[in-house]
Amino acid sequence: MKIERLIKMANDIGNFFNSEPDKEIAAEGIKNHILRSWDPRMRKSIIAYCQEDGAELNDLVKAAISKLPA
1 MKIERLIKMA NDIGNFFNSE PDKEIAAEGI KNHILRSWDP RMRKSIIAYC QEDGAELNDL
61 VKAAISKLPA
């Protein structure tokens with residue numbers, strides 16, 4: 001899957017959880033969603049993108065991805 005698609009998907013998940021006032025809870029929700037729903041190749045790609053640049057990810061998504069096991 002292309003990284004552009006993964007970025008869009010991750011930001012869409014982030015937008016859903018952004019309504020949560022507690023951003024730690026929101027980041028945990030994003031992390032859990034990605035762990036449950038994304039296959040390991042997708043997770044590996046988005047983690048690598050976030051570590052290398054991550055410019056197109058919103059801040060809440062970056063926080064959630066940083067909590068994912070490598």
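Residue numbers (UniProt numbering): 1 to 70.
The beta carbon of each residue, even a glycine, is placed where N, CA and C say it ideally should be.
Legend entry - Extent of the continuous alpha helix (DSSP H) to which M1 belongs: Here residue 1 corresponds to residue number 1 of the sequence shown, with the count starting at 1. Careful: M1 lies outside any alpha helix (DSSP H) and carries neither H nor E.
Legend entry - Below-8 Å beta-carbon distance, P21 vs any chain B residue: No chain B is part of this structure, which consists of one protein chain only.
Legend entry - Straight-line Cα distance separating E4 from V61: In the sequence shown, the residue the question calls residue 61 occupies position 61. In the sequence shown, the residue the question calls residue 4 occupies position 4. The straight-line gap from Cα to Cα measures roughly 14 Å.
Inset, instruction - Whole angstroms is fine: what's the gap from residue 72's alpha carbon to G14's? - result: There is no way to answer for residue 72, as the model of the chain reaches only from 1 to 70.
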